[in-house]
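Colleague: Going by the UniProt record's numbering, the letters in the sequence shown line up with residues 1 to 1192, in that order.
Idealized CB from N, CA, C, for every residue including glycine.
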Amino acid sequence: MSEKIKLRLTASQELAISYSEPKNVLVSASAGSGKTFVLTNRIIKKIRKGVSLSSLFISTFTVKAAAELKNRIESAIRIELKNDENSLEIKQLFNRALQELPFTTVGTTDAFANALVKDYYNIVNIDPNFRVLTDSAEQELIKNQIFKDLIEDYLSAENHVKFEKLVKNFSNDRNIDGFKNVVYKVYNFCQSTENVTDWLNTNFLQGFELYSNFRVLPDDLLNLDQVKEGIEDLIGLFNVAIDQKALSKNTNEAVKKWIENSTYIFEAINQKDFKEFTEIVSSLKTNAKLNGNNFKGKDAKELGLQDKFYEVMGGGPEKLKGSIFVLLEQVRFSELIEYYHVPAQKMLEDLRDFIQNFSRTYMDKKKELAAFEFSDILHFALEILESSEHPEIHQTLQERYSEIMIDEYQDTNKAQEKLYQLLSNGHNMFMVGDIKQSIYGFRQADPSLFKIKYDNFPQDESNENNRLLLLQENFRSREEVLGFTNDVFVKLMSSYGEKEKLVFPKREDTLLDRFNEEYRLPMGISPQAELLIYCSEQSGQANERVESNELENFEISHGEIELAANRIVNLINDDVAPKDIAVLVRTKSNNEKIKKIFESHGIPVVLDEVPENYLKSIEIQIMLDVLRAINNPLFDLPLVATLHSPLFNFSDDDLARISLQKGENFWEKAHSENIQFEGNLYNKLTDFEVTFMNWRKLSATSSVHELLNRIYLDTFYMEYVSALPNGEQRQANLQSLVSRALSYESNGYKGLVKFIDMIDNYLEQNNDLIDVNNRLPQNAVRIQTIHKSKGLEFDYVFVMNFQSKFSALDFRSDILLDKEEGAGIKFTADLVKDKKITSDFPHALVKMETIPYLINKNKQTHQIIEEELRMLYVAFTRAKKKLYMVGKVNKAEEIVNQVSLNLEKLPSKGYLTWILTLLNFLTEQKGSLIFEGVKSNIEMKHIKPEILFQLSENETSWSNKLEVGQDFVKAKKIMEFNTYNIEATRLSSNVSPSMLERQILKYDEDIPFEKDFKFELDMLDSKIYSSTDRGTVVHSFMEHLNFQNPDLFTLQSQLDNMNLPEVLEEAIDIPKILTLFDTNFGKALIRNANNLHLEQPFSMLKTVEKKGKFVEQTVVRGIIDGYYLDSNNIILFDYKTDFFKDESKIDEIKDRYIEQQRLYSEALVKANPGFTVEKYLILLGGPTKVIVEKLD
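1. Would the segment 372-390 and the segment 128-135 be scored as touching if the rule is three or more Cβ pairs under 8 Å?
2. Using the Cβ count rule (16 or more neighbours within 10 Å means buried), how would you classify Gly34?
3. In the structure shown, what three-state DSSP assignment does Asn1057 receive?
4. If you run the structure through DSSP and keep just helix, strand and coil, what is Tyr440?
5. Pick out whichever of Ser1027, Asp1056, Asp1029 and Thr1028 has its Cα sitting closest to the Cα of His1040.
6. What's the C-alpha gap between Ala300 and Thr923?
7. Going by CA-CA distance only, name the one from Met1100, Leu816, Ser789 and Arg1152 that's closest to residue 1252.
8. Can you list the alpha helix (DSSP H) stretches of 4 or more residues lying completely in the segment 774-808, in chain order?
9. Below 6 Å CB to CB, which residues in the same chain sit around Phe504 once its five sequence neighbours on both sides are set aside?
10. Let me know the alpha helix (DSSP H) ranges lying completely inside the segment 264-292, each 4 residues or longer, listed in chain order.
11. Quickly, what does DSSP pair Arg476 with across the bridge? List them, please.
12. Bridge partners of Leu816, per DSSP?
13. Look up Phe1037 in the DSSP assignment and say whether it is helix, strand or coil.
14. Grab me the residues of Ile825's own chain with a C-beta within less than 7 Å of its C-beta, minus the 5 sequence neighbours each way, in chain order.
15. Could you tell me whether the Cβ atoms of Ser59 and Glu100 are closer together than 8 Å?
16. According to the neighbour-count rule (16 or more other Cβ atoms, all chains shown, within 10 Å of its Cβ), is residue 1256 buried or exposed?
17. Does DSSP put Arg710 in a helix, in a strand, or in coil?
18. Identify whether Thr62 lies in helix, strand or coil by the three-state DSSP scheme.
19. Just to confirm, are Val1033 and Met800 a CB contact at a threshold of 8 Å?
20. Just verifying my parser: in three-state terms, what is the DSSP assignment at Phe1171?
21. Would you report the Cα separation of Glu555 and Ser589, rounded to the nearest angstrom?
22. Which first and last residues belong to the alpha helix (DSSP H) in which Met405 is found?
23. So, are the CB atoms of Arg730 and Leu724 less than 8 Å apart?
24. Classify Val342 as buried or exposed, calling it buried when 16 or more other Cβ atoms lie within 10 Å of its own Cβ.
25. Quick one: what's got a C-beta closer than 7 Å to Gln1052's C-beta in the same chain, skipping five residues either side?
26. Between which two residues does the alpha helix (DSSP H) holding Asn243 run?
27. Do the CB positions of Val1186 and Thr1028 come within less than 8 Å of each other?
28. Report the rounded CA-to-CA distance for Tyr1153 versus Lys1175, giving the unit in angstroms.
29. Return the first residue and the last residue of the alpha helix (DSSP H) that residue 1224 is part of.
30. Specify the secondary structure class of Val605 as computed by DSSP and reduced to three states.
31. Indicate the three-state DSSP secondary structure (helix, strand or coil) for Pro505 in the structure shown.
32. Tell me which same chain residues have a C-beta within less than 8 Å of the C-beta of Ile1119, skipping the five on either side of it?
33. How would you label Glu976, buried or exposed, when you count the other beta carbons within 10 angstroms and need 16 or more for buried?
34. Using a Cβ distance threshold of 8 Å, determine whether the segment 306-323 contacts the segment 261-273, with at least three qualifying pairs required.
35. DSSP on Phe1013, reduced to helix/strand/coil?
36. Distance, Cα to Cα, Ser20 vs Val432?
This is the structure we're talking about:
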């Protein structure tokens, strides 16, 4: 509710505040209806009536909300104490309440449970000094160790074969992460149940026990009624079309076959004989083929036959599957799935046993550490309250609380609900929330708890125990925002009726004048909601990435952001304060991208939720590599990263020279006594070794945070990062790493190894540690997720990425869970070994969705849509003055197709699809929406032009808009510089030898370097590997060759271990490769097998000249296949897979690689002064044998 406009209490607010009947009351408080205001005033009313504040249990969803409510209560009490109209007796009551407030139960359910367990720890047999495991990294560290130990125990047990089968069902050949994810998913899911053990024993297998075959599936899961209705309508139209001779001869014959078999199809569906149904429909699909083109004639179209055909059989502009073929897809393998139902159930029992063992072991470990998760503490609290040995605790608390007040009740889970029920006396719960704003399903919130009461509690006094109160008046938004929201959701939400609608409250004239002044819009800005669609077609951005999978689904295009930025610039130019504008996104992954483009327009921005990139910031990455190197210097990557970092500043050339020294690893090669160089490099290595060894000694005797501080002091790294851009933030990041180490140690952990394990675990899980924020600008546009925006309000709201599809990532999981139905899994069957069954897959492992999985999938599909609707509702209702929706299409026809969809059958693909389907309804009938397409010149058909595209003629060019930002000025300078230094722009500053060779050829000959292109048949099929692929595989095989024992058996074993596709495996001709060792050079390789340096990377600084004229210096990087030292000679060899049929082509191949080998030689000589290099090409592309050629 706006703080600036104080309104009189509405009748519904007055009732919610004053209601005093001994009943359970559910207050359905719509967005902006002032529920916090109502809660506060209800508490004040109770104090005035003599109710002790300490007798109220007041639960909030977040700690922040608890603090805010407590502050409001305190402020309201102090106002009452200053109110001269209050009697002395009333003031004494408020004075008592002020004294009781610090000790009143106002907070989260977790906070209450924690306090209760602290008082009665002995009942649950835990350490009284326990702490809360708030750090998810620490939780993962403990869980991973428990999981690892259990896996080892199970694999070493007698029945390990059975367990291995369980693990393999959920994992791939590379690791068992899939199984671990399933175990963790079930464990986390259980924590929101009333009793973890009971749920696993009673509910976990419920789906398998209830649904053993397809016949017992609910009709609505397979949409059988819809399928039958559709077939019946289509067959009826078929008959009419035949009577009217509206079909061609061939179509007529196919249609008759469908008509003749329709009776059998209906019979199969009614009896749920899905085997029979599959055989009939599959046969007709093959022998009576039909498609939409069969019914494109005028007569057939007039009958509506084509549209009905698309609906039932599939096809059309939307490429529908068709209801009959959707059913066929669902039941086609029903017989196979039913056959494996029992084996899948037994596997699920094994999984349950493992999870129960994991849960017990994990709990034992947490008890040993005296550290528990919030969910553990909540279950301890339930155990205390339900203790049969100490019923007095439950009785005392139940008598203590006169009312159980719960805010945000729609986000409650079953475990929390159980706690509230235990504290209640059965008729004193006061629950406030809004089911339309329940958006925390991913936290196991259960909106059905709210819905059951909402549907069953009466709005009058007809029920002696329960009562429903409604708060519908919205004091937040303009009437146009409310009208648009109602217009949308009355169509989208089947349950959105009169009692769910947002109501614009009636106001007295004086208050209405104040409201109109407060909510006045700038001149020229319409109060109607606006839908802004960016069409990439013909806009110069047609090549922008198209969202093709779920991971890319929430990507926001550059054009969308530009579109929103232009509107925001206009608002700011009209004196709208940036802080009054919010940009809402689905995920925070695009925040930095939005921020960068907004800032280029001069828009001040603050990110309420920055992407979790603290651990990925360069200064933290460097310190983590330093710690890893200190912990184990034998790992090359962190050691090289440490040397190359600003702490020691070894150049690429330094590192290349070190890498060519003797030693098994980089640490051995970098020891100063092994280095053959003198001067600067030797001194740098000596200084590094002294400092680094001091750090290693310190790590063994001191804490991690002390080690970090020592590194900062020794290297002046803090001072260094302060001079970099955003230096203050970088210093804060480094200091936070020290604080994190200190926190880690204060929780009982010691040692660098465990600290690094914890960090690596975080990175592995794609998690982060903490957000480190400096002072944020106050007057700036807010960019935040829809989840984060809940409870907030802004004058102008932009909802981005409207075209993104609803995520179905969870359906890729091998397990789906439901509180009532239990677990459904994907089961992997080995049809090769099972001789009892014949199927379409006789030679494969088949992963199938079990029947309980289908049940849960269907249920969760509806839940996802419902939660997405609620997300959209939350986004819309944040806006006070005006709402903008921003989306993108790739082609304008997408808009036409979606606007033409049936309003009665709304698709469930995404927000944009919903709004476009409602477009004509919202623009023509209701007038609550303005629709504008941007950056498209395509003429739209089937839709009134004035409705579809109102192209803004006064829009300035895109490039002119960019000039407001500094990025444009920088880009202009760079382009001007490049114009006068065109040759430099053609040379990469970091190149491979082959790239450099091309540049040199280009400079020397003054002709463009062009690669010959030859059309080959295998280009027609992406599944057929190219000659380049084959050459790469051969080269890879040679890289791992065993030169000590190169025989047929050894090489064949190596090939088998590569697990190559058969086509690529054939590219490796082992007998031919063995001919290498018949040559003198091959025999020399065998003799020097222990001294070979294979796959040696190098980098060096190289000056590129054109006809003797300096052009630029560049860093050349590459990998040398192999070399060995022979006296003062370096024997260099390089594998080449160039194909040749006869030896006359060898000289051509040699010429091709002369420059490349010269660069390799130069690099080796720089690293080994005084040596000479002999260069050899090992040619593997000949027809029958390997040929070795020496280069001059």
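Modeller: Taking the coordinates as given:
1. yes
2. Within the sequence shown, the letter at position 34 stands for residue 34. Buried is the call here.
3. Taking the first residue of the sequence shown as position 1, residue 1057 is located at position 1057. Asn1057 falls in the helix class under three-state DSSP.
4. Mapped onto the sequence shown, residue 440 falls at position 440. Coil, per DSSP.
5. Here the question's residue 1040 lines up with position 1040 in the sequence shown. Closest option to His1040, Cα to Cα, is Asp1056.
6. Taking the sequence shown and counting its residues from 1, the one referred to as residue 300 is at position 300. Taking the sequence shown and counting its residues from 1, the one referred to as residue 923 is at position 923. Distance between the alpha carbons of Ala300 and Thr923 is about 32 Å.
7. There is simply no residue 1252 to check, as the chain begins at 1 and stops at 1192 in what is shown.
8. 786-789
9. Position 504 of the sequence shown, counted from the start, is the residue given in the question as residue 504. Here the set comprises Glu479 and Leu482.
10. 274-287
11. Along the sequence shown, read from residue 1 onward, the residue named residue 476 stands at position 476. None; Arg476 has no bridge partner.
12. Reading the sequence shown from its first residue, position 816 is the one you call residue 816. Beta-bridge pairing links Leu816 to Gly824.
13. Stepping through the sequence shown from its first residue, residue 1037 is reached at position 1037. Correct three-state label for Phe1037: helix.
14. Indexing the sequence shown from 1 puts residue 825 at position 825. The residues are Ala344, Leu348, Asp814, Ile815, Thr850 and Tyr853.
15. The residue you call residue 59 lines up with position 59 of the sequence shown. The residue you call residue 100 lines up with position 100 of the sequence shown. Not a contact, by the Cβ cut-off of 8 Å.
16. Examination of residue 1256 is not possible in this model, given that the chain is present from 1 through 1192 alone.
17. Stepping through the sequence shown from its first residue, residue 710 is reached at position 710. Arg710 falls in the helix class under three-state DSSP.
18. For the purposes of this step, residue 62 is taken as the residue at position 62 of the sequence shown. Three-state result, Thr62: coil.
19. By 1-based counting over the sequence shown, the position of residue 1033 is 1033. By 1-based counting over the sequence shown, the position of residue 800 is 800. It is not a contact, given that the beta carbons lie outside the stated cut-off.
20. Translated into the one-based positions of the sequence shown, residue 1171 becomes position 1171. Coil.
21. Your numbering for residue 555 matches position 555 in the sequence shown. Your numbering for residue 589 matches position 589 in the sequence shown. If I take the Cα positions, the gap works out to 8 Å.
22. Indexing the sequence shown from 1 puts residue 405 at position 405. Note, Met405: premise wrong, no alpha helix (DSSP H); beta strand (DSSP E) at Glu403 to Ile406.
23. Stepping through the sequence shown from its first residue, residue 730 is reached at position 730. Stepping through the sequence shown from its first residue, residue 724 is reached at position 724. Yes, Cβ-Cβ distance for Arg730 and Leu724 is below 8 Å.
24. Position 342 of the sequence shown, counting from 1, holds the residue named residue 342. So Val342 ends up on the exposed side.
25. As a first step, residue 1052 is located in the sequence shown; it is residue number 1052 there, counting from the start. Excluding positions up to five away in sequence, the list reads Ile1070.
26. Looking up residue 243 in the sequence shown gives position 243. As written in the sequence, residue 243 is Asp, which differs from the Asn given in the question. Counting along the chain, the alpha helix (DSSP H) containing Asp243 begins and ends at Leu224 to Asp243.
27. Locating residue 1186 in the sequence shown gives position 1186, counting from the first residue. Locating residue 1028 in the sequence shown gives position 1028, counting from the first residue. No, they are not a contact pair.
28. To locate residue 1153, count along the sequence shown from 1; it is residue 1153. To locate residue 1175, count along the sequence shown from 1; it is residue 1175. Going by the C-alpha atoms only, they are around 11 Å apart.
29. With the chain covering 1 to 1192 only, the question about residue 1224 has no answer from this structure.
30. Residue numbering aside, residue 605 sits at position 605 when the sequence shown is read from its first letter. Here Val605 sits in strand by DSSP.
31. Translated into the one-based positions of the sequence shown, residue 505 becomes position 505. Pro505 falls in the coil class under three-state DSSP.
32. Residue 1119 sits at position 1119 when you count from the first residue of the sequence shown. Closer than 8 Å at Cβ, skipping near neighbours: Glu1095, Gln1096, Pro1097 and Phe1098.
33. Taking the sequence shown and counting its residues from 1, the one referred to as residue 976 is at position 976. The predicted position of Glu976 is uncertain, since its pLDDT is 49 and thus under 50; a value taken from the coordinates is nonetheless stated next. Exposed, by the Cβ-count rule.
34. no
35. Position 1013 of the sequence shown, counted from the first residue, corresponds to residue 1013. The predicted position of Phe1013 is uncertain, since its pLDDT is 32 and thus under 50; a value taken from the coordinates is nonetheless stated next. Here Phe1013 sits in coil by DSSP.
36. As a first step, residue 20 is located in the sequence shown; it is residue number 20 there, counting from the start. As a first step, residue 432 is located in the sequence shown; it is residue number 432 there, counting from the start. Answer to the nearest angstrom: the Cα atoms are 15 Å apart.
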